[in-house]
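So the structure is just underneath, and the comments pick up after that.
Residue numbers (the numbering used here): 86 to 483.
Structure below.
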């Protein structure tokens with residue numbers, strides 16, 4: 086599932102540690118992504134511990150389906166682990182699955198997850214009847230002796246998710262002898278396909294590599310490229326189709342370190358402006374800092390992407406800087422309406438001074454009282470596009 090569970094509590098405490106005595110305060114739930122990328126969490130001593138993972142609001146992918154919940158746990162001297170799985174969107178009774186963790190001799194201990202003291206717990210749940218189950222998971226630990234235990238890598242997915250959209254798995258499975266596939270379907274009830282799961286684990290990551298390669302591939306018109314269909318455009322070389330991370334990389338090829346936001350003023354508190362809009366909106370702003378000091382917030386992602394697309398497409402902050410078109414296009418970033426720009430200069434008598442003129446009613450954040458004044462927004466936007474040695478000024482006109 087693409088969403089994340091949140092770790093609600095461990096032993097009802099307000100903090101917990103994540104290996105090497107690193108303490109995580111409960112200033113808000115710690116997210117545990119349902120993949121193999123979360124870190125080890127150290128669970129305090131005592132004979133009994135519990136882990137409560139807060140349910141998602143609801144997940145349609147589990148409709149009329151069983152799920153697989155897997156995690157790693159380390160109890161050096163062994164104990165009993167109970168996993169309670171409950172759909173809180175219904176009045177159903179929680180299902181409890183019990184696992185015995187055997188003690189492991191310290192003499193064969195190894196560092197990290199390579200240690201034989203680690204055990205993998207795998208729960209195959211009952212079928213969820215709700216169309217959008219909200220699954221609450223509680224892990225209860227009863228240890229043979231008082232000691233520190235460790236919990237890591239929770240994964241919660243629909244039982245047969247591994248078989249969906251698995252191009253790498255399908256290609257490998259097609260090469261297997263038929264009897265292996267038949268045995269794979271008949272080993273357990275319900276069918277759990279252990280061989281297919283093993284192949285899926287062995288080929289993890291290949292699906293995303295294949296899909297990423299296809300997304301990046303460049304198509305000529307005769308091969309299906311259609312400028313009106315973004316799915317036919319290369320995410321590697323076409324700014325319209327590229328992701329933000331790719332646009333940040335592509336900006337290198339137009340000779341610039343990308344700008345993702347503009348400082349709207351030198352003051353500590355400023356008015357908030359949104360690109361292409363004269364409407365002030367404190368919930369969706371474009372202001373405060375530049376690329377060099379702070380990444381843009383999530384709610385500005387679409388605006389940031391448009392700004393990156395513009396930089397890669399025009400090169401106005403890179404190799405095309407210093408041209409009149411670069412100056413005009415940069416100024417337009419801070420204009421609305423018709424985005425009227427006039428560059429007033431006399432190349433013959435004074436070639437090193439250019440005055441930028443924009444109507445006040447098309448300039449972000451301005452009102453009629455600003456006629457004859459300069460906009461700090463316009464002046465900052467144009468700094469990377471100006472010719473070296475040329476003095477640029479700006480004035481808002483009637």
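Note that the Cβ used here is the ideal one computed from N, Cα and C, for glycine as well. Quick caveat, the model's predicted, so the values are computed rather than measured.
Inset, instruction - Apply the 10 Å Cβ neighbour rule to residue 413 and answer buried if 16 or more other Cβ atoms are within range, or exposed otherwise. - result: buried
Inset, instruction - Please determine, among 405, 244, 179, 424, the residue with the shortest C-alpha to C-alpha distance to residue 449. - result: 424
Legend entry - residue 325 (DSSP reduced to helix, strand or coil): coil
Legend entry - For residue 165: DSSP bridge partner residues: 185, 227
Inset, instruction - Answer yes if the stretch 238-246 comes into contact with the stretch 173-188, meaning at least three C-beta pairs across the two stretches below 8 Å, and no otherwise. - result: With the cut-off at 8 Å, the stretch 173-188 and the stretch 238-246 do not touch.
Inset, instruction - Could you give the DSSP three-state label for residue 316: helix, strand or coil? - result: helix
Legend entry - From 327, 436, 184, residue whose alpha carbon lies closest to that of residue 387: The residue with the shortest Cα to Cα distance from residue 387 is 327.
Legend entry - Rounded Cβ spacing between residue 458 and residue 481 (contact assumed at less than 8 Å): About 6 Å separates the CB atoms of residue 458 and residue 481; that is less than 8 Å, so the two are in contact.
Legend entry - Local conformation of residue 459 per DSSP, three classes: coil
Inset, instruction - Please go through the same chain and pick out, in chain order, the residues whose beta-carbon is closer than 7 Å to the beta-carbon of residue 311, but skip the five residues on each side of it. - result: 317
Legend entry - Inter-residue CB distance, residue 253 and residue 159 (contact presumed, cutoff 8 Å): With 8 Å as the limit, residue 253 and residue 159 do not qualify as a contact, their Cβ atoms being about 31 Å apart.
Inset, instruction - Just list the beta strand (DSSP E) runs in the stretch 397-463, keeping only unbroken ones of 3 residues or longer that don't cross its boundaries, in chain order. - result: 427-431, 435-444
Inset, instruction - Check whether the Cβ atoms of residue 484 and residue 402 sit closer than 9 Å, and answer yes or no. - result: The requested residue 484 is not part of the displayed model; the chain covers only 86 to 483.
Inset, instruction - Assign residue 296 to one of three DSSP states: helix, strand, or coil. - result: helix
Inset, instruction - Report buried or exposed for residue 269, applying the criterion of at least 16 other Cβ atoms within 10 angstroms of its Cβ. - result: buried
Legend entry - Integer Cβ distance of residue 156 from residue 237, believed to fall under 8 Å: Confirmed, Cβ separation roughly 7 Å.
Legend entry - Burial state of residue 473, where buried means 16 or more other Cβ atoms lie within 10 Å: exposed
Legend entry - Exposure label - residue 290; buried when at least 16 CB within 10 Å: exposed
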